[in-house]
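Sequential numbering from 458 applies to the sequence shown in the numbering used here.
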Amino acid sequence: MPIIRDEAKRKEIVSLLTQAYWMEIETVQSYIANSINLDGVRAEEIKNSLQTDVTAEIGHAQQFGRRIKELYGRVPGSFDFKPSQRSLQPPADTTDVVSVIKGVIEAEQGAIDHYTKVIQSCEGVDYVTQDMVVKILADEEGHLREFEGFLKEYERK
Ligand SMILES: [Fe+2]
Ligand SMILES: [Fe+2]
458 MPIIRDEAKR KEIVSLLTQA YWMEIETVQS YIANSINLDG VRAEEIKNSL QTDVTAEIGH
518 AQQFGRRIKE LYGRVPGSFD FKPSQRSLQP PADTTDVVSV IKGVIEAEQG AIDHYTKVIQ
578 SCEGVDYVTQ DMVVKILADE EGHLREFEGF LKEYERK
């Protein structure tokens with residue numbers, strides 16, 4: 458007996474989880490690059506925070522992957538990857554910390570929006586995925602708030 462009896466619903470959830478998986482993978486790429494590229498005293502805190510988040514986001518990608526597999530899906534290979542995080546491309550000016558902070562906020566907000574959608578889609582049919590994504594959502598909200606705090610400080614004259 459399948460975990461989710463409604464086949465269309467199962468496919469919908471696997472597809473939402475696959476998108477979430479790619480979002481985490483792209484975030485890992487962007488956070489690694491920006492945590493290394495930035496220069497200056499003002500960048501140190503941001504770089505450390507991004508470095509810590511890389512580990513968290515890899516863990517999220519693995520959780521999404523395992524759930525895709527549990528729901529009879531397949532974790533995609535790198536050839537299927539399509540980038541979308543334009544605002545997290547490393548800035549030409551390596552001291553432009555504010556643009557990286559804003560990019561992180563946009564990425565975390567995007568994750569929050571998508572994971573909220575996944576949670577809603579699971580309602581009444583898949584509480585295990587729902588519970589997992591609620592916990593991941595809590596992490597992303599923490600990341601968002603942290604970077605909103607950084608932005609507040611950096612935008613002060
Ligand atoms: Fe994440
Ligand atoms: Fe995050």
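In this text, a Cβ means the ideal position worked out from N, Cα and C, and glycines have one as well.
Is there at least one non-hydrogen atom of ligand 2 closer than 6 Å to the beta-carbon of residue i?
i	result
Glu597	yes
Glu481	no
Glu501	no
Ile565	Just to set this straight, residue 565 is Glu in the shown sequence, not Ile. Result yes, Cβ under 6 Å from ligand 2.
His571	no
Would you mind working out which of the options sits nearest residue i, comparing C-alpha positions?
i	options	result
His517	Lys559, Glu597, Ala500 and Ser472	Glu597
Ala629	Thr586, Phe536, Glu610 and Glu612	In the structure displayed, the chain extends from 458 to 614; residue 629 sits before or after that span and is not available.
His571	Glu464, Asp463 and Ile470	Ile470
Lys498	Ser544, Ser472, Thr551 and Arg613	Correcting the residue identity first, residue 498 is Val in this sequence and not Lys. Of the listed residues, the one whose Cα sits closest to Val498 is Thr551.
Asp463	Ser535, Ile489 and Cys579	Cys579
Val554	Leu473, Phe607 and Ser472	Phe607
Could you check whether the Cβ of residue i sits closer than 6 Å to any heavy atom belonging to ligand 1?
i	result
His517	yes
Glu605	no
Glu580	no
Glu464	no
Glu514	yes
Quick one: what's got a C-beta closer than 7 Å to residue i's C-beta in the same chain, skipping five residues either side?
i	result
Lys466	Val582
Thr512	none
Express the C-alpha separation of residue j and residue i in angstroms, rounding to a whole number.
i	j	result
His600	Val575	19 Å
Ala549	Ser506	21 Å
Glu481	Lys526	17 Å
Arg611	Gln577	The amino acid occupying residue 611 in the given sequence is Tyr; Arg does not appear at that position. Spanning the two alpha carbons is a distance of roughly 35 Å.
Thr573	Phe521	14 Å
Beta-carbon of residue i versus every beta-carbon of chain C: anything under 7 Å?
i	result
Glu597	Absent from the structure is chain C; it holds one protein chain and no more.
Does the beta carbon of residue i fall short of 6 Å from some heavy atom of ligand 4?
i	result
Ala564	Because ligand 4 does not appear in the structure shown, any question about it cannot be addressed here, the ligands present being ligand 1 and ligand 2.
By Cβ distance below 8 Å, which residues in the same chain neighbour residue i in space, the five residues on each side in sequence not counted?
i	result
Ile461	Arg467, Ile470, Leu528, Val582 and Asp583
Worksheet item: Residue ranges of each alpha helix (DSSP H) run of no fewer than 4 residues wholly in the stretch 578 to 614, ordered along the chain?
Response: 584 to 612
Fill in: Unbroken stretches of the beta strand (DSSP E), 3 residues or longer, contained in the stretch 507 to 585
none
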